[in-house]
Structure formats: structure tokens, C-alpha cells
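Q: Residue numbers (the UniProt record's numbering): 1 to 322. By construction, the Cβ of each residue, glycine as well, lies at the ideal position given by its N, Cα and C atoms. Before anything else, here's the structure in question.
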Ligand SMILES: [Zn+2]
Ligand SMILES: [Zn+2]
């Protein structure tokens, strides 16, 4: 099959190689999925740079994928063949976190595209349990539900934003969906972005664009990380909340504890999502409540997609089409 492999850590053109690899075959309990659309996550950029010690090249990156089951391994219902599925994170379902409903924090998670071959290829093999049948949403839009929109769904489970003044910091592939969903949930939403093109898209979506002097937000959702975190804490009003979900540069942030104490802020982390948040995300797409924004790339142009994302040029999501 044709696939893009991470052959070493580094810049997109050196690290990502479009190549021919043997077709994978499903083992016991697994399915073979023909990928129809794969999303390029901000996390993929961090993986490519070598920030995660558990990633050992060569490996096919990508955890966001939608496709059709074309073969099954031993012990898997043959009825699955031909079904359109989305892929979810692989968890054990038995550890103390999974048992408390935090499958996203599983101690034994096996990360697709990081610990086993991912979705930047024509085919991927995954345990059948993590290939979830669905219908009614176009694969290119559905792939957005497998990470950015489900991330938004989960973020807004940590905090009620109804009738609150909310700032979303960053209009990247996740921020744009958090902002849309916060509006659906009844918030007055502002988004901060430096890109004039993104600002005009935000306005078309009926979202506010934050201007310099704007402050006193009930909730600030930071999708960037170290470069913006201190400012996000300052923009939250007293007794407000700051949700931290972005780590774009992977750098550390230097913060004054007084900022959190004197403003009596709640600082909340939110890590990815659970598989059922993806169904909720698909439902939001089906009902037309979230507008799917993405840019299509051919699979062989994955490195270009990474470059464009790093320059902040991609509106919504880069979607790779094999
Ligand atoms: Zn993702
Ligand atoms: Zn677990």
C-alpha cells in the first residue's frame, strides 16, 4: 500500500516520506480498514518533532481516520465487512481510570500513529472494538468528529458556558470547533486570532473576534499553550475559569502563582475525549449545528499539510485523502 511514514524526527519534508509498504493483514480480533479520510492533528506535529519518547520511527502517523472495513481477522463478525467506521483510541477498559469513565486517561492506552501504525496510509489495522460503525455524515466531515469536534464536546463537559462570556484563544483546528460549540451551548463567544482570514471566517460563523482591550471573561479556553497561557489567566475575571487544552509549541510556561490565587481562578485541564464523545460530535454535524471546516490534501502531500499547519494557514483541519 501507499503510505506516509515518519522515518525520523524533524522538519516535515525530511521526517515524512511517502512510500510503498506491504499491505497490513488483520490479526485475531482485528479489522482491516480502507482509509477514506485521515485528519492531521496538531498532536501529529508534536509527534513529528520528537517530543514523545514512546514514538519510535519508522511508523505511520495519524490517529484520526474514517474508512470502510474490508477484511476481518479470526473471531470478528464478518458482518462488519463493508461498514463505514471511525477509529477511536485504543484503551484496555479495565484499569482504574477506564473503570471510572476516563478511558481517555487509560494507563494502557495504545496510541494509533504513535505506538502502532496509524491513518496516514491506504489501510490501517485496528482491534475491531475500536472501529465504530456510523452513517449519515460524509467521511471528510466525519473525520473532524474523531478528534477536534469530540475534543470540543469533552472540553464543554468540564464547564457550563451557558450565558457566559467565553474567550477561545487560538482559531486553529480545535479552537474553531470549541468556539462553535460554545455558541451552540449558549455562550457569548469571542475568539482571539492573529490571522485576518480566520477572523473573517469567525465572523461568518457568527462568532466574536476578540479585540485588544477585551477582558473579564467568565471562561477562557486556551488552545495554544505556553505562548498565551499567562495572558489567558489575566483575561479571566475573578472567580473565573481557564481551561488548558493547547500545547502547540510543547514549551514550558513561567507563571506567577499570584495570578491564580488573587483572581481565585479555576484552572482545568482537559485531555482528548472518550469514544462516545465522537458519536455526540457526529450528531452535531448531522444536525448542522457545527460547520465542518477543512482543507483537502492528497495523502502524498502530508508534509505540505504539516508545513501549512505550522504556518497557521489551514482553516479548520487538514484532511488527507489516500
Ligand atoms: Zn487528533
Ligand atoms: Zn484503562
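Assuming residue 146 and residue 105 make a contact with CB atoms under 8 angstroms, what is their CB distance in whole Å?
A: With 8 angstroms as the limit, residue 146 and residue 105 do not qualify as a contact, their Cβ atoms being about 18 angstroms apart.
Q: Just the Cα atoms here: how many angstroms apart are residue 24 and residue 84?
A: Roughly 18 angstroms between the two C-alpha positions.
Q: Which first and last residues belong to the beta strand (DSSP E) in which residue 42 is found?
A: Premise fails: residue 42 lies in the alpha helix (DSSP H), 42 to 49, not in any beta strand (DSSP E).
Q: What is the DSSP secondary structure of residue 150, reduced to helix, strand or coil?
A: Three-state DSSP puts residue 150 in a helix.
Q: Tell me whether residue 145 sits in a helix, a strand or coil according to DSSP, three-state version.
A: Reduced to three states, the DSSP call for residue 145 is helix.
Q: How is the beta strand (DSSP E) around residue 221 delimited, first residue to last?
A: Segment 217 to 222, the beta strand (DSSP E) holding residue 221.
Q: Pull every residue with its beta-carbon under 5 angstroms away from any heavy atom of ligand 2, and keep them in chain order.
A: Qualifying residues, in the order they occur: 91, 92, 95, 98, 106.
Q: Shorter than 7 angstroms, the distance from the beta carbon of residue 65 to the closest heavy atom of ligand 1, or not?
A: Outside the cutoff, so no.
Q: Given that a residue counts as buried once 16 or more other Cβ atoms are within 10 Å of its Cβ, and exposed if not, what is residue 150?
A: The residue is buried, with at least 16 neighbouring Cβ atoms inside 10 Å.
Q: For ligand 1, I want to know if residue 288 counts as a neighbour, meaning its beta carbon is within less than 7 angstroms of at least one of the ligand's heavy atoms.
A: Not so, every heavy atom of ligand 1 lies at least 7 angstroms from the Cβ.
Q: Using only alpha-carbon positions, find the residue among 77, 57, 117 that is nearest to residue 1.
A: Measuring from the Cα of residue 1, the nearest candidate turns out to be 117.
Q: If you follow the alpha helix (DSSP H) that residue 199 is in, where does it begin and where does it stop?
A: Residues 196 to 204.
Q: Give me the Cα-Cα distance between residue 254 and residue 286, rounded to the nearest whole angstrom.
A: Those two C-alpha atoms are separated by around 42 angstroms.
Q: Since I believe residue 256 is in contact with residue 242 (beta carbons under 8 angstroms), could you give me their beta-carbon distance rounded to a whole number of angstroms?
A: Rounded, the Cβ-Cβ distance is 14 angstroms, inconsistent with contact.
Q: I need the DSSP call for residue 314, collapsed to helix, strand or coil.
A: Reduced to three states, the DSSP call for residue 314 is coil.
Q: Can you tell me whether residue 118 sits near ligand 1, meaning its C-beta is under 7 angstroms from at least one heavy atom of the ligand?
A: The answer is no for residue 118.
Q: Helix, strand or coil, according to DSSP, for residue 130 in the structure here?
A: Three-state DSSP puts residue 130 in a helix.
Q: If we ignore side chains and look at the alpha-carbon of each, how far apart do residue 250 and residue 44 end up?
A: Residue 250 and residue 44: Cα-Cα distance of roughly 12 angstroms.
Q: Which residue wins for smallest C-alpha separation from residue 141, given the options 69, 113, 177, 262?
A: Looking at the Cα atoms, 177 is the closest of the given residues.
Q: Rounding to the nearest angstrom, what Cα-Cα distance links residue 301 and residue 240 in this structure?
A: Answer to the nearest angstrom: the Cα atoms are 43 angstroms apart.
Q: Please tell me whether residue 90 and residue 33 are closer than 8 angstroms, where the distance is taken between their beta carbons.
A: Contact: no.
Q: Taking only heavy atoms of ligand 1 into account, decide whether any of them is closer than 7 angstroms to the Cβ of residue 313.
A: For ligand 1, not one heavy atom lies less than 7 angstroms from the Cβ of residue 313.
Q: For residue 286, name the three-state secondary structure that DSSP assigns.
A: Correct three-state label for residue 286: helix.
Q: Look up residue 214 in the DSSP assignment and say whether it is helix, strand or coil.
A: In this structure, residue 214 counts as coil in the three-state DSSP scheme.
Q: Report buried or exposed for residue 28, applying the criterion of at least 16 other Cβ atoms within 10 angstroms of its Cβ.
A: By the neighbour-count rule (16 or more Cβ atoms within 10 Å), residue 28 is not buried but exposed.
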